[in-house]
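Student: Chains as they are written, first to last, in our numbering: chain A, 7 to 299; chain B, 7 to 299.
All C-beta atoms in this analysis are idealised placements derived from N, C-alpha and C, irrespective of residue type, glycine included.
Note that the structure is predicted; figures quoted are calculated from it, not measured.
I'd like to ask you about the structure that follows.
Number of protein chains: 2
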Amino acid sequence: MELIDGKALALQIQSELKDQVEAYTLTGKRPPHLVAVLVGENPASRSYVRNKIRSCERVGYRSTLHHLEEDTSQDALLALIDQLNKDKEVDGFIIQLPLPRHIDPTAVILAIAPEKDVDGFHPTNFGRMTQGLSAYHPATPLGIMEMLRRYNIDTSGKDCVVLGRSNIVGRPISIMLSSKGNPGNATVTVLHSKSKDISSRCAQADIIIAAIGIPNFVKSNMVKPGAVIIDVGINRVEDASKKSGYRLVGDVDFEAVAEKCSFITPVPGGVGPMTVTALLLNTWKSYTGEVYG
Amino acid sequence: MELIDGKALALQIQSELKDQVEAYTLTGKRPPHLVAVLVGENPASRSYVRNKIRSCERVGYRSTLHHLEEDTSQDALLALIDQLNKDKEVDGFIIQLPLPRHIDPTAVILAIAPEKDVDGFHPTNFGRMTQGLSAYHPATPLGIMEMLRRYNIDTSGKDCVVLGRSNIVGRPISIMLSSKGNPGNATVTVLHSKSKDISSRCAQADIIIAAIGIPNFVKSNMVKPGAVIIDVGINRVEDASKKSGYRLVGDVDFEAVAEKCSFITPVPGGVGPMTVTALLLNTWKSYTGEVYG
């Protein structure tokens, strides 16, 4: 079994990005600029945003955080989005989810100009991605594709099951893996809450993408020897031995499954760091005009 | 085996639409208005467009045909699209594909306002559909979903294989069938040119959607007894006994497969008439403002 070290790979890609940024700024160009908008005080959201800002600093991007009060009105948020859409010094911005209940997340996402939607959540980017046009791909699946590519994992013609059909992971990764390309060209089945025979379907798969949000859902008996396991789950389970009172586990029963498979991502340190890096890659694409330029 | 009579079903839905149109126009409202744009003299395209116009007449829609010369410039076509986008008397319009080689079809599709894209080909509609937002769904998959719904064919938890991953059929029907809803909630696998074990995968499926463009590709041994067969193929094969010199066949070996399955669509008279009807349904949705209103 080989561990897919998402943390090390993320640092390597960020180091490459840093070199690219320097090459541009040395010629007098301004650095790429990512803006993050955080509404309220959700501790997990604060931690995610802090992490994104820190990653920007690491690669030499300019970053700006707009931290708005919990009771910010939807109109005020939409006004800020409008301003960011128009600001030529902003290459991309993200609205950290979840938002407070009084704000409609769909209205917010639709308000983001697709050209600056570096999270890849706007339907226009989603549709362009699906149709094979240039687009910002959603960050988590993009990070997974980059992991597969850098670890030379062959996906063409492989049987792949995706556990989960969410808009941010399951659905887009299923589309990306079954589209033409490398990685890609896999035979993909999307499994979800209404699917039958989930265990046996997993047990026949060459590649399992687990994005179902249930701790340790994928057991050893659901994995074919030599399969590739990508664990997208980030679940908090109580752990009295930790200072925080919890530890993070994935959707895969790591200890038991690791012995059987060919490649596996750990949690934490697998898909997570690659997601933040994918956001930096999208911001770079906006800066250079690769997608809508 | 029960034949899914797409032609009869299409006429029934069109009759329902006609009643709805009358109810609106009796109150003094103008009828829905669909515009078709045809560039050049491709005989199949002329026949498709004629068919669409005739269907509009049947349901009481106003229709307009812009038939442009083969050597129309891309700029001239884009100017017409811009005019149609702005025309408040036009509810929706379609640009019949394929276009002459000197015109970029992607540039043309991107120029259509999503609000009038009743073919459902614009990436914004595609992304909205995928994300579960209101949207114009691509006509052929929408017609298939309507057929499944009206024939009370249960898809929830069923194993479904989709043969083909095109942007206009395979990809969108795979998304629609595996999304939440009824029809929907199926466990869908997309098969394509790089997939292995296609025969045995088909033979395990409860539902087969064949959209691969190869005459008689799906043989009897690839079909599980009692399966549901939706044949999207429209292939011309030479036939000296016909005046035209050809006949239309689907992607399914109809005679042999019909004996084994529970439901099957014929070619012609199956998916084809439902595609035109789906276009009318999308135009109705634009007229009433259900999608972007």
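1. Measuring straight from C-alpha to C-alpha, what distance separates P111/A and Q80/A?
2. At 8 Å on the CB atoms, spell out the chain B contacts of S201/A, in chain order.
3. How is the beta strand (DSSP E) around E244/B delimited, first residue to last?
4. In the DSSP assignment, the alpha helix (DSSP H) including Y54/A goes from what residue to what residue?
5. Which whole runs of the beta strand (DSSP E) in the segment 86 to 146 of chain A are 3 residues long or more, in chain order?
6. Rounded to whole angstroms, what's the CA-CA distance from Y54/A to R155/B? Just pull it up for me.
7. When you compare the CB positions of V41/B and V96/B, do they come within less than 9 Å of one another, or not?
8. Quick one: which unbroken alpha helix (DSSP H) runs of 4-plus residues sit fully inside the segment 157 to 242 of chain A? Chain order, please.
9. Please tell me whether L103/B and S51/B are closer than 9 Å, where the distance is taken between their beta carbons.
10. Measure the Cβ-Cβ separation of L286/A and I118/A and say whether it is below 9 Å.
11. Let me see if you follow: with CB-CB separation under 9 Å, is I181/B close to chain A or not?
12. Taking F269/B as the reference, give the member of A145/B, P231/B, D165/B with the closest Cα.
13. For A233/B, I'd like the list of residues in its chain whose CB is within less than 8 Å of its CB, leaving aside the five on either flank, ordered along the chain.
14. Roughly how many angstroms separate the alpha carbons of V229/B and L9/B, rounded to a whole number?
15. Taking the beta carbon of Q89/A as the centre, do at least 16 other beta carbons fall within 10 Å, making it buried, or is it exposed?
16. Are any of the Cβ atoms in chain A nearer than 9 Å to that of G4/B?
17. Could you check whether the Cβ of M135/A sits closer than 9 Å to any Cβ belonging to chain B?
18. Report all residues from its chain with a CB closer than 8 Å to the CB of L44/B; omit the five preceding and five following residues, and keep chain order.
19. Check the Cβ of P129/A against every Cβ in chain B and list those closer than 7 Å, keeping chain order.
20. Could you give the residue range of the beta strand (DSSP E) that holds S292/A?
21. Within the same chain, show all residues whose beta-carbon is closer than 6 Å to that of T274/A, passing over the 5 residues directly before and after it, in chain order.
22. The beta strand (DSSP E) spanning Y252/A covers which residue range?
23. From I235/A, D257/A, Y30/A, K24/A, pick the residue whose C-alpha is nearest to that of Y157/A; which is it?
24. If you count every other CB in all the chains shown that lies within 10 Å of the CB of V243/A, and 16 or more means buried, which is it?
25. So with Cβ pairs under 9 Å, would you call H198/A a contact of chain B?
26. Is DSSP giving T70/A helix, strand or coil here?
27. Quick one: Cα of G98/B to Cα of D237/B, how far?
28. For E8/B, which three-state DSSP category applies?
29. Determine the DSSP secondary structure at V263/A, reduced to helix, strand or coil.
30. Would you say S184/A reaches chain B, if we count a Cβ-Cβ gap shorter than 9 Å as a contact?
31. With a cut-off of 9 Å, does the C-beta of R313/A fall near any C-beta of chain B?
32. Using a Cβ-Cβ distance under 9 Å, would T33/A count as near chain B?
33. Quick one: what does DSSP say V27/B is sitting in, helix, strand or coil?
34. Who are the neighbours of T112/B on chain A, taking C-beta pairs under 8 Å?
35. Check whether the Cβ of N173/B lies closer than 9 Å to any Cβ atom in chain A.
36. Keeping to the same chain, check which residues put their C-beta closer than 8 Å to that of N57/B; ignore five residues upstream and five downstream.
Tutor: Inspection of the coordinates gives the following:
1. Using only the alpha carbons, I get a separation of about 9 Å.
2. Correct list: G163, T193.
3. 241 to 244
4. 49 to 65
5. 98 to 101
6. 43 Å
7. Taking 9 Å as the Cβ cut-off, V41/B and V96/B qualify as a contacting pair.
8. 176 to 184, 204 to 209
9. Between L103/B and S51/B, the gap from beta carbon to beta carbon is short of 9 Å.
10. No.
11. Closer than 9 Å to some Cβ of chain A, the Cβ of I181/B qualifies, so yes.
12. Of the listed residues, the one whose Cα sits closest to F269/B is P231/B.
13. A211, D212, I213, I214, K266, C267, S268
14. 16 Å
15. exposed
16. It is not possible to answer for residue 4/B, since the shown part of chain B is limited to 7 through 299.
17. It does: the Cβ of M135/A has a partner Cβ on chain B nearer than 9 Å.
18. S51, R52, V55, L71, H72, H73, L74, Q102
19. The contacting residues are T130, G133, R134, Q137, L139.
20. That residue, S292/A, is in no beta strand (DSSP E); its alpha helix (DSSP H) goes 277 to 294.
21. The amino acid occupying residue 274/A in the given sequence is Pro; Thr does not appear at that position. Excluding sequence neighbours, P274/A sits near L254.
22. 252 to 255
23. Residue I235/A is the option with its Cα nearest to Y157/A.
24. exposed
25. yes
26. strand
27. About 28 Å.
28. E8/B: strand per DSSP, three-state reduction.
29. Three-state DSSP puts V263/A in a helix.
30. yes
31. Coverage of chain A is limited to positions 7 through 299, which leaves residue 313/A absent and any answer about it impossible.
32. no
33. helix
34. Think of a sphere of 8 Å around the beta carbon of T112/B: the chain A residues whose beta carbon falls inside it are L139, in chain order.
35. Yes, because at least one Cβ of chain A sits closer than 9 Å to the Cβ of N173/B.
36. V282
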